[in-house]
Ligand code: TYD
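Residue numbers (the numbering used here): 4 to 132.
Dropping the structure here:
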């Protein structure tokens, strides 16, 4: 639960390095105009930490450590999901107009991505299949 400053003119949520965000933010990006039925993500990271917020609309985040899968529904701008390295994630079921804000602990490094699920399982020490 993130801080929410409320007054009659609306709400404001502020995020700061190493206080409500548990790492130093080096990059911010956001996903928007995701067509209905399209999925994003579908990868894991070696080092990157991310903090994901549905700043508008809603979507599901499937998180998978190689054994257990869980779906987290994000639909509030004052709720964030901290995704640590070594977790497979997929972003699913975007509502119309949804905006997915991602705060990241590193700049964009393609080599940090693990994009193949069976390879992810292998790195985690689990047999394919
Ligand atoms: P990708 O991370 O694969 O998208 P998603 O996981 O949301 O489906 O990134 C899609 C494209 O955008 C890819 O070509 C790389 C580019 N990109 C950047 O240039 N900078 C960034 O910070 C990110 C996250 C992606």
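Positions of the beta carbon are idealized from the N, C-alpha and C atoms, including for glycine.
Using CA atoms only, rank isn't needed, just tell me which of the options is closest to residue i.
| i | options | result |
| --- | --- | --- |
| residue 109 | 32, 22 and 8 | 32 |
| residue 51 | 125, 117 and 126 | 117 |
| residue 123 | 19, 22, 68 and 20 | 68 |
| residue 161 | 70, 35, 129 and 106 | This structure gives no information on residue 161, because the portion of the chain shown stretches from 4 to 132. |
| residue 28 | 35, 18 and 36 | 18 |
Does the separation of the CB atoms of residue i and residue j fall below 8 angstroms?
| i | j | result |
| --- | --- | --- |
| residue 99 | residue 39 | yes |
| residue 102 | residue 58 | yes |
| residue 92 | residue 86 | yes |
| residue 83 | residue 55 | yes |
| residue 104 | residue 62 | no |
Classify residue i as buried or exposed, calling it buried when 16 or more other Cβ atoms lie within 10 Å of its own Cβ.
| i | result |
| --- | --- |
| residue 49 | exposed |
| residue 47 | buried |
| residue 77 | buried |
| residue 53 | buried |
Going by the DSSP bridge assignment, what does residue i pair with across the sheet?
| i | result |
| --- | --- |
| residue 55 | 84 and 105 |
- Message: Quick check on the DSSP output: what are the complete beta strand (DSSP E) runs of length 3 or more inside the segment 57–110, in order along the chain?
- Response: Every unbroken stretch of the beta strand (DSSP E) spanning 3 or more residues and falling wholly within the segment 57–110 is given here in chain order: 62–67, 72–77, 83–86, 91–95 and 102–107.
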